[in-house]
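In our numbering, the protein residues as written are 41 to 304. Just so it is clear, CB atoms sit at the ideal spot from N, CA and C, and this is done for glycine as well. Every value quoted in this text rests on a predicted model; they were computed, and no experiment measured them. So the structure is just underneath, and the comments pick up after that.
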Amino acid sequence: MKKNRWTAILMAVVLCFCLAFAGNGKLENVQAEESKTVTLYLTRHGKTMLNNTGRMQGWCDSPLTQDGAAVAEKLGQGLKKAGIFFDAAYSSDSGRAIETADLVLRNCGQEALTLKKEPMIREVCFGIYEGATPPEAYGAASKALGFSSVEDMMGAVFDGKISIYDAVTAMANTDETGSAETWGEAQQRVAEGIVKIAEEARLNGQKNVLVVSHGMAISAFLSAVNPEIVVGELGNASITKIVYDGKTFTVESVNDMSYVKDTE
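Given below as structure tokens:
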């Protein structure tokens, strides 16, 4: 039932964007022939300073580390080696995603391609817990879910007894400022953003699209497309490939690091 519900939501979002584009005429090239399919290369940004220090990083931001920049460069080189040419490129409006996208495009020989920033594909917002350590962020959530400690709760996540989605929602519900997003809220936002990108690309006749986003944001979209997909932590500069045909999204690969490894 959950899968059917999200399929219906995605279809409704697709329909809304189709009607919107048809009505406002805001296409890059109104003469372009529509693409039959669009392939999205969803990419997680490179590792950042806050990643290295083990801090919660949602809507707050920090620069890429030296290793984070290097892996983004390798991804660009690997994509070029594989002969993948992008017709469009998007990133979230977070600095780490923009920096990653710029490095990828520069190293795959497409630095002239305009990078579009899309706020709707930002990471999950952790509200008052932005910049906190996981024990600080999930302390109250673990108790709300009936666990004696954050370690016990995370153990239950790894054992499949609860999902990280439950933990994120419980954390959001303990944010007294109300600014943190539940998993469902973030999932809805990101899904709308990616549908918008995919539909715009399809109507503009664009076939391959680079989309640089964030770990939980990409996982949220994947679980909307297919709740049965089990997504672990996505690697920095990993590729998750999804094909869009104007009606449905098909997941072709998840957390693919081969483009980076092919340059090593």
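With burial defined as no fewer than 16 other Cβ atoms inside 10 Å of the residue's Cβ, what is the status of residue i: buried or exposed?
| i | result |
| --- | --- |
| Phe125 | exposed |
| Thr217 | exposed |
| Glu292 | exposed |
| Phe289 | buried |
| Ser298 | exposed |
| Asn92 | exposed |
| Ser182 | buried |
| Glu74 | exposed |
| Gly188 | The sequence as given places Ser at residue 188; Gly does not occur at that position. Flag for Ser188 reads exposed. |
Which value, in whole angstroms, describes the spacing of the CA atoms of residue i and residue j?
| i | j | result |
| --- | --- | --- |
| Ile269 | Leu82 | 16 Å |
| Met166 | Ala220 | The sequence given here places Phe at residue 166; Met does not occur at that position. Going by the C-alpha atoms only, they are around 5 Å apart. |
| Gly118 | Gly108 | 15 Å |
| Gln227 | Glu151 | 31 Å |
| Gly272 | Thr79 | 22 Å |
| Gly224 | Gly245 | 31 Å |
| Thr105 | Val111 | 10 Å |
| Met96 | Ala264 | 23 Å |
Under the three-state reduction of DSSP, which class applies to residue i: helix, strand or coil?
| i | result |
| --- | --- |
| Arg84 | strand |
| Asp285 | coil |
| Leu115 | helix |
| Phe61 | Legend: pLDDT at Phe61 = 45, less than 50; position of this residue unreliable, no value from coordinates given. |
Please return the same chain residues whose Cβ sits closer than 7 Å to the Cβ of residue i, not counting the five positions on each side in sequence.
| i | result |
| --- | --- |
| Gly116 | Leu143, Val144, Leu145, Arg146, Asn147, Cys148 |
Who are the Cβ neighbours of residue i in its own chain at under 8 Å, not counting the five residues just before and after it?
| i | result |
| --- | --- |
| Gly179 | Val190 |
| Pro103 | Thr88, Met89, Gly135, Arg136, Glu139 |
Given residue i, which residues of its chain have a CB within under 6 Å of its CB, disregarding the five upstream and five downstream residues?
| i | result |
| --- | --- |
| Thr77 | Val283, Asp285 |
| Pro16 | Nothing about residue 16 can be reported from this structure: the residues present for the chain run from 41 to 304 only. |
| Tyr130 | Lys156, Glu158, Ile237, Val251 |
Enumerated in chain order, which unbroken segments of the beta strand (DSSP E) with a length of 3 residues or greater are wholly contained in the region 242–278?
DSSP runs (the beta strand (DSSP E)) wholly in the region 242–278: 248–253.
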